[in-house]
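Below is one structure; the comments refer to it alone.
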Amino acid sequence: MAQQEDVFKKIVSHCKEYGFVFPSSDIYDGLGAVYDYGQNGVELKNNIKQYWWQSMVLLHQNIVGIDAAIFMHPTTWKASGHVDAFNDPLIDNRDSKKRYRADVLIEEQIAKYDEKIEKEVAKAAKRFGENFDEVMFCSTNPRVLEHKAKRDALHERFAKALNNNDLEELRQIILDEEIVCPISGTRNWTEVRQFNLMFSTEVGSTADGASKIYLRPETAQGIFVNYLNVQKTGRMKLPFGIAQIGKAFRNEIVARQFIFRMREFEQMEMQFFVKPGTELEWFQKWKQTRMAWHQALGFGAENYRFHDHDKLAHYANAATDIEFHMPFGFKEVEGIHSRTNFDLSQHAKYSGKKIEYFDPDTNESYTPYVIETSIGVDRMFLSVMCHSFDEEQLPNGETRTVLHLPAALAPVKLAVFPLTKKDGLPEKAQEIINDLRFHFNCKYEEKDQIGKRYRRMDAIGTPYCVTVDPQTLEDNTVTLRDRDSMEQRRVHISELQGIIEDQVSITSLLKKLL
Ligand code: GAP
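With my numbering as the guide, the letters of the sequence shown map in order to residues 9 to 522.
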């Protein structure tokens with residue numbers, strides 16, 4: 009575990025050192041849980057967004073996109089339930105004065121039992137070797153059964169407390185489980201209180217009669233309030249979807265783990281409107297579709313899992329998370345929710361507008377049901393970084409730091425190096441870039457030895473490097489070096505586009521989804 013924490017620290021500093029992510033307002037020592045994306049980060053982030061957007065609106069004829077404003081009419085948030093119920097249960101430790109989310113403390117305790125079970129299994133697998141029968145072991149080993157029983161009992165008690173909104177019971181669970189504050193090491197806990205996560209500000213000057221508005225805590229509501237506009241102007245027939253990428257804001261009190269939990273972040277959300285009664289079927293379909301999107305990146309199926317919700321949000325009749333194996337455990341990257349007709353009905357009630365769909369097949373009008381897929385761009389970015397970061401031991405004893413990014417997401421696709429800064433080599437290198445820059449992102453580098461330039465490109469995940477040397481001037485061939493295998497081969501300049509473009513395009517990922 010400590011080793012994993014070290015790896016995570018290295019990833020955070022790598023992100024800063026190589027222009028991926030900087031603390032916001034860095035010269036003023038940063039702003040809690042707010043981050044800026046640097047020159048390489050923004051490219052990687054844009055590629056993630058493009059992969060998502062195109063998988064939605066290019067691959068589905070019945071999904072269209074919108075871009076709604078961050079500010080919305082304040083009644084939106086009354087109707088959606090966020091004013092009354094968008095809360096986190098918080099608890100303070102009196103000795104350290106640190107504040108925690110009570111539900112997170114308990115979830116971490118549940119994860120500890122899971123870890124204990126995993127350790128027992130790993131130990132036994134080592135002991136029994138090839139003959140190990142994991143299912144048999146887990147159903148008979150007394151220690152595993154004991155951990156499992158404790159875990160299940162805690163899980164059940166926790167789910168019940170959440171569902172009943174029972175804050176006293178949440179506190180009692182923390183006391184009974186003897187959960188200590190990681191800073192003070194004590195169990196001197198306050199009561200559990202609810203805390204609303206929305207940021208508010210005011211529009212209009214006070215003289216005009218300013219009114220309180222919110223920074224949207226999710227992009228979804230911008231889609232719901234535009235349902236009628238899009239359905240009518242696009243003449244959309246059910247089932248259809250509306251996709252959107254945009255900023256969201258939450259006053260996260262416990263903001264930890266770098267860009268995992270931020271106060272300003274970005275979401276990629278898609279609301280899929282369906283006929284009532286078909287929603288659970290569509291829920292299953294979207295679960296599979298979204299998992300396939302993640303797995304097409306090639307990070308290994310074992311690093312993902314579904315986590316079905318114990319406590320359904322006020323609007324949902326089914327919900328699951330797609331979790332990814334981060335260095336700090338399996339964590340939510342995306343949520344898939346069957347939101348019923350809650351949002352559209354609420355907006356109809358509060359706006360006084362009829363928000364329905366006339367079904368030409370059955371000649372009836374009804375409020376569509378909704379399946380939502382909601383993924384955080386920043387969490388996705390973090391999962392890509394965590395999986396790609398590697399400190400590789402080379403046969404010559406050296407270590408190289410490399411980002412094994414999926415080529416389609418890499419900020420720079422090709423770096424072109426003149427071997428030396430003279431004899432017309434820089435001009436030839438520039439000529440290659442001038443030709444290829446229309447097809448993918450290229451970078452020119454002439455400083456330092458070739459080896460150092462390779463290392464710098466490895467560190468930002470550039471899949472290909474090309475070196476221009478005196479032979480290039482004679483026969484138009486260059487050395488093409490592959491990031492992952494580090495193999496080098498001689499190719500003709502005219503072949504470069506064909507070899508590289510296919511590997512680095514978003515289309516290469518999209519094709520895996522069909
Ligand atoms: N519209 C539904 C919704 O907003 P959510 O589970 O609260 O659902 C969806 O958020 C996704 O947004 C999460 O799976 C996560 O990836 C991302 N997200 C939520 N809060 C975040 C935060 N404070 N920082 C970064 N990403 C966040």
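All C-beta atoms in this analysis are idealised placements derived from N, C-alpha and C, irrespective of residue type, glycine included.
These numbers were taken from a predicted model, which means no experiment stands behind them.
Please classify Gly384: does DSSP put it in a helix, a strand, or coil? Gly384 sits in a strand when the DSSP states are folded into three classes.
Looking at Ile99 and Leu113, is the spacing between their C-beta atoms short of 9 angstroms? yes
Closest Cα partner of Lys283 within the set Thr370, Ser382, Ile182: Comparing alpha carbon positions, the residue from Thr370, Ser382, Ile182 closest to Lys283 is Thr370.
Return the CA-CA distance between Phe16 and Asp398, expressed in angstroms with no decimal places. 11 angstroms
Measuring straight from C-alpha to C-alpha, what distance separates Asp510 and Phe291? 33 angstroms
So what does DSSP say about Met270, is it helix, strand or coil? coil
Could you check where the alpha helix (DSSP H) with His500 kicks off and where it finishes? Unbroken run through His500 is the beta strand (DSSP E), 496 to 500; no alpha helix (DSSP H).
Is the Cβ-Cβ distance between Gly230 and Gln252 less than 9 angstroms? Their beta carbons are under 9 angstroms apart, which means Gly230 touches Gln252 by this criterion.
Taking Lys436 and Leu481 to be in contact with their CB atoms under 8 angstroms, please state how far apart those CB atoms are, rounded to whole angstroms. 6 angstroms
Under 9 angstroms, do Lys53 and Phe425 count as touching if we go by C-beta distance? no
Could you give the residue range of the beta strand (DSSP E) that holds Arg201? 201 to 204
For Val262, verify whether its CB is less than 8 angstroms away from any heavy atom of ligand 1. no
Going by DSSP, name the residue or residues bridged to Thr485. His500
For my contact list, Lys430 and Asn449 are in at a C-beta cut-off of 8 angstroms; report their separation, rounded to the angstrom. With a Cβ gap of about 27 angstroms, Lys430 and Asn449 do not count as contacting.
With DSSP collapsed to three states, give me the class of Pro97. Three-state DSSP puts Pro97 in a strand.
Which residues in the same chain as Ile191 place their Cβ atom closer than 6 angstroms to its Cβ, once the five residues preceding and following it in sequence are excluded? Ser104, Lys106
Residue nearest to Ala338 in terms of C-alpha spacing, selected from Gln239, Ala309, Lys361: Contrary to the premise, residue 338 reads as Phe rather than Ala in this sequence. Comparing Cα-Cα distances from Phe338 to each of Gln239, Ala309, Lys361, the minimum goes to Ala309.
Below 6 angstroms CB to CB, which residues in the same chain sit around Asn172 once its five sequence neighbours on both sides are set aside? none
Is Asp367 closer than 9 angstroms to Tyr323 when the C-beta atoms are compared? In this structure, Tyr323 lies away from Asp367, with their beta-carbon atoms at least 9 angstroms apart.
Contiguous beta strand (DSSP E) assignments of at least 3 residues, all confined to the region 94 to 133: 95 to 100, 107 to 109
Going straight from the alpha carbon of Thr381 to that of Pro335, what length do you get? 24 angstroms
Given that a residue counts as buried once 16 or more other Cβ atoms are within 10 Å of its Cβ, and exposed if not, what is Asp241? The question names Asp, but residue 241 is Thr in the sequence shown. Exposed is the call here.
Would you mind sorting Gln239 into buried or exposed? The rule is 16 or more other CB atoms within 10 Å of its CB. buried
For Ser516 and Phe93, the rounded distance between their alpha carbons: The sequence shown places Ala at residue 93, rather than the Phe named in the question. Distance between the alpha carbons of Ala93 and Ser516 is about 42 angstroms.
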